[in-house]
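Each residue of the sequence shown is one higher than the one before, counting from 37 in the UniProt record's numbering.
Some notes on the structure that comes next.
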Amino acid sequence: IANTPTPTSSSQSQRLADFETLTAALEYAADGNAGYNFYDAKGNLRSVLSYQALRQNAHVLARRLAGLGLVHGDRVALIADTTPEFVELFYACRYAGLIPFAMPVPVNLGSHAVYVQQLRGMLDSGQASAALANVDYIGFLKEAAEGSQGLRWVGTPEQLGELPALETSLKANHPDEVAYLQFTSGSTRTPRGVIITERALMSNLQGIVRNGLEIRPGDRCASWLPFYHDMGLVGMVMAPMVAQVSVDYLATRDFAIRPLQWLRLISRNRATVAFSQPFGLKLCTLRVRDSDLEDLDLSSWRAAGVGAEMIRPDTLRNFAEKFAPAGFDARAFLPCYGLAESTLAVTFSQVGRGFQSLRVDAGTLVDKKMAVRLQAEGRKYSEFVNCGRALPGHTVKVVDDAGLTLSDMRVGSVLVYGSSIMTGYFNNPEDTQKTLRPGNWLDTGDLGFLFEGDLYVTGRRTDVIIVNGRNIRAQDIEELAEQQPEVRAREASAFGITDANDVTTIVLVIECRLTSITDRQSLTSRLQRLVYMAFGVNCLVELVSPHTLPRTSSGKLSRFAARQGFIQRTNLTDQLSAAESGDK
Ligand code: 1ZZ
């Protein structure tokens, strides 16, 4: 166990991401004394990786990777646990001119086969030439790698460490090179690797540290965000480094078990910047005991970033209320919006202002796709959080189905243009073409409106259900159901329902011909078990008679209409919170 984390104030003068490449940024940071610190579930400091040590180790590892016979631009898959080894390998790939991509750790150890399949999908889609995982996960990785064509080497960091380091000189990267691939979260089938160049990456990082966070001397980050998600990797691994800021890490699973540990890290090390998805804040509000507040001092926390899923104003209000006695200042809330296809961040609200929200008439929103500010009390309303404006070099617009730009307060598809947009999806021209519209406008798949230059996200056009911060594709759940002998193709429809307490439940409606109660029960419970195993979430299964599910003219199921039908059948209409109308 180490005993001193890297200091908050680095010994060098601060440069805010004005580097051409990631490794150039690390070369600079390594001359100071800031770095990454890893804590265990009990809050003990397990290891310290100063940027100086990181540079050193990454150089050596890069020469070992070069010894594997990989060529410039080859992909290297890394299972991204919250460890120093992962970070060293990630940067080592860049020094060696290789393209790393992070793969998730298993969320639910019960679903061995599903996890292996997920890894295999990424290895194939990213056409990895090498893959690494630590001893805990190497078994899964080896299994996933079986039969893979292009993989030349699979092993642990220790095994790589035993290989000779070649005496090659490490060449500087070019800004137009691909820096990494980011797999978009959630889906088990057809994972898509977003291609991000060094130029796009550095542009986004600069926007984040200069404009989004207004990073200054004395800043320090604390994070539990997974390293395989863009917010964890770009936001909490790369962004601090390019600004020579120290970070304290807690593994995601340790946060999930005891969210208090994250707050303790903030309190103990006087962190100023810490991000979370709304669900993480909810977890803190729910699980931290009032008696634990006494020992917490959250007054140093000046940027409490929140994003990555719909932000409900009440989530923020409840968190602020709960943690005010521990010195939490609600002005620290910093809502922001982004996606992997734009490296990470697109919009940021203003530092130090807290969150703003708008209450709009719920009826007009749905019927007329228009946000009309609530005039009188008593009417049903939806409240949306202001996610702020686009970073410099970026433009956000909202368009209708015909692609025409809509005026303020009109709800439509959110499109983004700018310097941090992806090059495309790796080896997937069809999806790239669908997502990057003419003129290089990125179609985010999100719905929202603009008001006075600020973005308000109201929902998603694509059918992704977000449960506890995880994106789950409706299609994947339906496919699982259709693999059952009793269920035919296009006879299953999945969607999410969010209740007044902001809890999202996945509903799976099945057209079913079975008549015996035992058979029906067996199907229902099997489906629930399978969904739980595959996605780690509970789901509600409803069996309906054939031809109940609404279809479009081309015979495709409409999840939206299926959801409406379910709401009517179950009389949920009145119970659902007005705020829910933002969801699909
Ligand atoms: P992903 C130093 N979504 O989630 C740290 N924001 O990417 C800086 N929905 O591709 C961090 N309201 O997985 C800056 N506000 O999913 C972080 O998620 C800025 O549906 C936030 O299409 C970055 C989040 C990155 C992320 C993208 C999808 C979006 C959208 C949803 C993201 C949201 C939001 C509602 C928001």
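Every residue, glycine too, gets a C-beta built ideally from N, C-alpha and C.
- Apart from sequence neighbours up to five positions away, the residues of its chain that approach Leu-261 with a beta-carbon distance below 6 angstroms are Met-267, Gly-268 and Met-272, ordered along the chain.
- Contact between the region 476–489 and the region 508–525 is absent: fewer than three C-beta pairs spanning the two stretches fall below 8 angstroms.
- The Cβ atoms of Arg-111 and Ala-128 lie no closer than 9 angstroms to each other.
- Distance between Gln-313 and Thr-560, taken at the CA atoms: about 32 angstroms.
- Assignment of His-95 by DSSP, reduced to helix, strand and coil, places it in the helix class.
- The beta carbon of Thr-204 sits closer than 7 angstroms to the beta carbons of Arg-99 and Ala-102 from its chain, once the five residues preceding and following it are set aside; these are given in chain order.
- Set against 8 angstroms, the gap from the CB of Met-346 to the closest heavy atom of the ligand 1ZZ is smaller.
- Check the Cα spacing between Gly-243 and each of Gly-162, Ala-366 and Ile-457: the tightest is with Ile-457.
- With contacts defined as CB atoms closer than 9 angstroms, Val-567 and Gly-601 fail to qualify as a contacting pair.
- Annotated as distal: Ala-164 and Ala-132, with beta-carbon spacing of 9 angstroms or more.
- One alpha carbon belongs to Asp-365, the other to Val-309, and they sit about 13 angstroms apart.
- Note on Ile-293: under 16 other CB atoms within 10 angstroms of its CB, so exposed under the neighbour-count rule.
- Distance from the CA atom of His-430 to the CA atom of Cys-423, rounded to whole angstroms, is 15 angstroms.
- Under DSSP, Ala-61 forms no beta bridge with any residue.
- Taking a 10 Å sphere around the C-beta of Lys-404, we find fewer than 16 other C-beta atoms and assign the residue as exposed.
- Straight-line spacing of the CA atoms in Phe-596 and Phe-531 works out to 8 angstroms.
- Counting only residues of its own chain and dropping the five nearest sequence neighbours on each side, Val-408 has a CB closer than 8 angstroms to the CB of Val-396, Asp-397, Thr-400, Leu-401 and Met-445.
- DSSP lists Gly-532 and Cys-575 as the bridge partner or partners of Ile-542.
- Beta bridge pairing from DSSP links Gln-218 with Val-230.
- Residue nearest to Leu-579 within the set Glu-182, Thr-551, Phe-571 and Thr-192 is Thr-551 (criterion: CA-CA distance).
- Each residue's CA atom was taken as its position, placing Asn-240 and Glu-234 some 10 angstroms apart.
- Rounded to whole angstroms, the Cβ separation of Val-452 and Thr-480 is 6 angstroms, and the two are in contact under 8 angstroms.
- His-265 counts as buried, since at least 16 other C-beta atoms from the protein chains shown sit within 10 angstroms of its C-beta.
- Cβ-Cβ distances below 6 angstroms link Ile-533 to Thr-541 and Val-543 in the same chain, with the five nearest sequence neighbours on each side left out; the list follows chain order.
- According to the DSSP assignment, Thr-584 belongs to no alpha helix (DSSP H), since it is labelled neither H nor E.
- Counting along the chain, Trp-260 sits inside no beta strand (DSSP E), nor does DSSP assign it H or E at all.
- According to the DSSP secondary-structure assignment, Ser-449 is paired through a beta bridge with Val-435 and Leu-483.
- Straight-line spacing of the CA atoms in Asn-209 and Tyr-417 works out to 51 angstroms.
- The alpha-carbon separation between Thr-42 and Ser-282 amounts to approximately 7 angstroms.
- For the pair Leu-62 and Leu-394, the Cα-to-Cα distance works out to about 41 angstroms.
- When the Cα atoms are used, Ser-83 and Phe-55 turn out to be separated by approximately 28 angstroms.
- Contact check for Arg-338 and Ala-360: beta-carbon distance about 15 angstroms, past the 8 angstroms limit, so the pair fails to qualify.
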